[in-house]
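Chains as they are written, first to last, in the working numbering: chain A, 398 to 973; chain B, 398 to 973.
Where a beta carbon is used, it is the ideal one built from N, C-alpha and C, also for glycine.
Note that the structure is a prediction, hence the values are computed from the model and not measured.
Here the structure comes first, spelled out in structure tokens, and everything after it is commentary.
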């Protein structure tokens, strides 16, 4: 039995902040050294941040990334810990790579072999795949190195590394974005791989927000039986040191049919040799952070994504419209959790149709949260608009136009506050509205960040309920949950007048958008065919609004963002 | 000497309009049959339209595409012409494919081998690459089939088809989008390939607009010496029938070093056999359409892109703000050219800073174009906004906030007209403004289509000059060319107060955005270092505005659209 001590540095880089990222790497090296770790893992593309998108095409960006890596390399001089860190390697082409660094030298560079080019990923746009495997040899212990997708691909390098080369531990550095229950999925999948190949796996994930993506951390190590040894925190930076005990004798049963894997037979294996692991007298205690329940997980993802978007972009304060409805109430609560009450400003913008109750609820919420409010009525400005448009509109009945004008006055107010005070505007639209177009472009859609754009209305209620429970008091007033949703832009207007009940709508949306089912298949699940066709029609008809929508945090399997690339010009209709 | 008669059907499909696309295919088949063509070529993915983007993930879409193909197949029953048409093939995976159809049967399916995943293309997101070559044999004549990128890839199938298999004619069906002088580039490149491999090439391109892309057509055939035989029209549908004479004896010199191509040696070749070409008594006269000069080319691209965006999305009329400046003057002219004067509405929205000259110029332009105008002053509404915001803004000096409020009032007016009358709003911002953020989100950026967003300001002037010349009269008034550009949102405001001279700015932008040069390299070209750094800072700082901008027509090598995928959260700074 041999023992290897690993430190998994689950850190939160900022894209393009080479100085800041290097500083975090140095701190991790210091910690790994002080804990006598044999190996330190930093996440995929930690040096640059992930995903760098088209910055990858800029030589100046690539060179800054190389300089930053070199600074990390220099910092390891005289230190014993071997450090593995993600960066962009480039010579005649560009690679998503991991540098293996020791004692002031780059000892090896592993280039990611399997490049995801689906969902939110475009890695084949940027990188050339690697063509060699890498093994780090610590005396007699062989450790295989992989980057993110390498471990998810069915034609995986694990088989070749383990049964072909006798590797006992697989390292995986990742930048794996969050979606609901992703941490659970990763552990389930990776521990099954560990069991299948009979190899221990150390999985080091990134953490923090980058535009629409949130990395949830939850790094972990499982042993060769697939049993979880340690788990890092969710949504927070965490430096986790763990001792992994490794059998020196491979226990692979050569008659086991599971050994017939797809090998990457022709790939050469580069072996980088180091000293035996240091002898440690003690064995570290394993620490396993708790997973979250569904609502807490989503809430924390939103808080993390918002806090990092604001902070990393140099903002401090945010402003949003408070309507007294559930959406703006939840967004305000998330913002307070992310940024502190003193950094959140609420604006009430009553129309002539706004009820007394709405104003009361909005003010009560603001009071409960402790945020400053402003009241900017829209009626006088609206009347002035109608006055100017009177002659052009003469003879035409009132319609959605007048509702939109009012929504856009609100958008203009919020943007004026943003421009004057440097507050970023948060929009409060949810996924159900954005899917169906039940929102006004340049009106309630105006803003820099759409916090809950990937949260269905039914989940908005659930998360808000959970939030009150979690806080142990009724921060979001009870009436906000019980009254009918309305935009209050004309008399007696309620959401359900134009939309099916949210329980029905949200499930149709989920089946269509996330599960990829066709109209026919959704109807087979028991939904009314007319409703299904109408909902799908609304989704397609409002593509143009989503194209101009602010970005927001991806929480579901498929959000209206990088993973929803639809043409605007499109005559295809979903029918039965 | 053998003769093959080809019809190149350079047609304009509509994405997802299977019925319409099939009808166009049938008309082409009729024409090819009536001209005794041996072969009819329809463009890449003609059945679906291109690019179908994430619709490719929907089974219902794929099935509709298959039904549409089957309808085309049935239509060929009893006809002699062999028809090649692009569609999406799918079984256990999905392919960008060409069906070879004859006499009511699919005789072969070729799957595109080289999938572009760069620039505006994401084909590796959608398709699996084909793994076999295809040869159509008409008696003793061998014809190779390729799709778009197959012919552009340096590791091309041409070598294998020609020197490995004796092919004498290469067919290429494409959906190749326009950028400046692309038609010239294609001919130069493809005819060099023809010369290199000593093989005739027939290149059939798509035509028409699809969101930000415009396909410029300009299909052509060149002989085995690389000499152009025919060229179809630019930016218009065209059915071009041509006789290609083919040597029966390969003239390949086996000692020629150019024969050492990269072969796709291991790819099997599928051969589909047909009768000898029909004997024709006559030889058709070759028709070569003219290429355009640079300004005409860009103008026509914009007209085509706009006309198709409006028409294919079911709009008829458009509305835009007329400021009396060069940008809105050019956009109005393009719109009139694309849609007819009766379908274009101009709105003058004077502020308190608007000069008498601006109003005169806008009205004169509208009069010259024959379009209806409305005058909607913004001042009273603006005053009402200031009134409401007074207490919140008290003690704060006037700044860009007040300018933006005015720009957003204009945006609200235009959107109100759009909502009330169903007119689509055109924005008038140019590439220089959108690059530097010299524009107001939800203000002058509000609209459905940004006609000239990929045209630099200096090119706006050039195209406008060309337009007046082409029309043979001063449609855009002379003063519009000579006065200083201004947004007229505060007293004495001129563009050049905040921006470098447009001649300098545009060249820095072009070098950075299109050529991919770094700050240092741009300075080496002779530009002032402070200016360069400041321009690049503006580009990055305004990413958030572009993320919410309406789409517009790609004209340059790299537009702010599908081919500009930048993170918003980004601390990377271009320095010297």
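In the three-state scheme derived from DSSP, where H, G and I count as helix and E and B as strand, residue 956 of chain B is classed as coil. Contact between residue 442 of chain B and residue 493 of chain B holds, since their C-beta atoms are separated by about 6 Å, short of 8 Å.
Selection B:534, B:543, B:538 and B:522 evaluated against residue 528 of chain B yields B:543 as nearest (Cα-Cα). Taking a C-beta distance under 7 Å as the contact criterion, residue 667 of chain B and residue 812 of chain B do not qualify as a contact pair. For residue 807 of chain A, the uninterrupted alpha helix (DSSP H) run begins and ends at 797-818, by DSSP. Put simply, of A:773, A:789 and A:787 the residue whose alpha carbon is nearest the alpha carbon of residue 782 of chain B is A:773. Following the DSSP letters along the chain, one finds residue 676 of chain B in no alpha helix (DSSP H), marked with neither H nor E. Burial state of residue 695 of chain A is buried, judged by a 10 Å Cβ sphere holding 16 or more other Cβ atoms.
In the three-state scheme derived from DSSP, where H, G and I count as helix and E and B as strand, residue 667 of chain A is classed as strand. Membership of residue 493 of chain A in the beta strand (DSSP E) is indicated by the continuous run 491-499. Residue ranges of uninterrupted beta strand (DSSP E) with 3 or more members, entirely inside the region 618-650 of chain A and ordered along the chain, are 625-628 and 635-643.
For chain B, the residues of the region 835-853 of chain A that bring a beta carbon within less than 8 Å of one of its beta carbons are 838, 839, 843 and 845, in chain order. Between the C-alpha atoms of residue 912 of chain A and residue 517 of chain A there is a straight-line separation of about 16 Å. Residue 465 of chain B is not bridged by DSSP to any residue.
Nearest CB-CB separation between residue 924 of chain B and chain A: not below the 7 Å threshold.
For residue 943 of chain B, the nearest beta carbon of chain A is not closer than 7 Å to its own beta carbon.
The three-state reading of DSSP puts residue 569 of chain B in strand, counting E and B together. Straight through space, the alpha carbons of residue 888 of chain A and residue 717 of chain A are spaced by roughly 24 Å. One thing to note: residue 404 of chain B has its Cβ within 7 Å of the Cβ of residue 437 of chain B. Runs of the alpha helix (DSSP H) lying entirely within the region 470-557 of chain A and spanning at least 4 residues, in chain order: 520-523.
Nearest in C-alpha terms to residue 807 of chain B, of all of B:739, B:754, B:869 and B:719, is B:719. A straight line joining the alpha-carbon of residue 953 of chain A with that of residue 726 of chain A spans about 21 Å.
Going by DSSP, residue 940 of chain B is part of the alpha helix (DSSP H) stretching over 940-944. Checking the DSSP bridge columns, you'll see residue 597 of chain B partnered with B:566. Bridge pairing for residue 769 of chain B: B:742 [DSSP]. In this structure, residue 500 of chain A keeps its C-beta atom at 7 Å or more from the C-beta atom of residue 965 of chain B. Between the alpha carbons of residue 522 of chain B and residue 568 of chain A lies a distance of about 28 Å. Ranked by how close their Cα comes to the Cα of residue 406 of chain A, the residues A:467, A:400 and A:429 have A:429 in first place. The count of Cβ pairs closer than 8 Å, one atom from the region 670-683 of chain A and one from the region 782-794 of chain A, stays below three, leaving the stretches out of contact.
According to DSSP, residue 847 of chain B shares a beta bridge with B:824. Between residue 885 of chain A and residue 751 of chain A, the C-beta gap is smaller than 7 Å, which places the two residues in contact. For the region 452-472 of chain B, the residues whose beta carbon sits under 9 Å from a beta carbon of chain A are, in order, 452, 454, 455, 456, 457, 458, 460 and 461. For residue 810 of chain B, the closest of B:766, B:855 and B:747 by C-alpha to C-alpha distance is B:747. In summary, the residues of the region 926-955 of chain A whose CB is separated from some CB of chain B by less than 8 Å are 941, 944, 945, 946, 947 and 948, in the order they occur in the chain. Close to chain A, meaning a Cβ-Cβ distance shorter than 8 Å, are the following residues of the region 698-729 of chain B: 705, 706, 709 and 710. Look at residue 407 of chain A here: in three-state DSSP terms it is strand.
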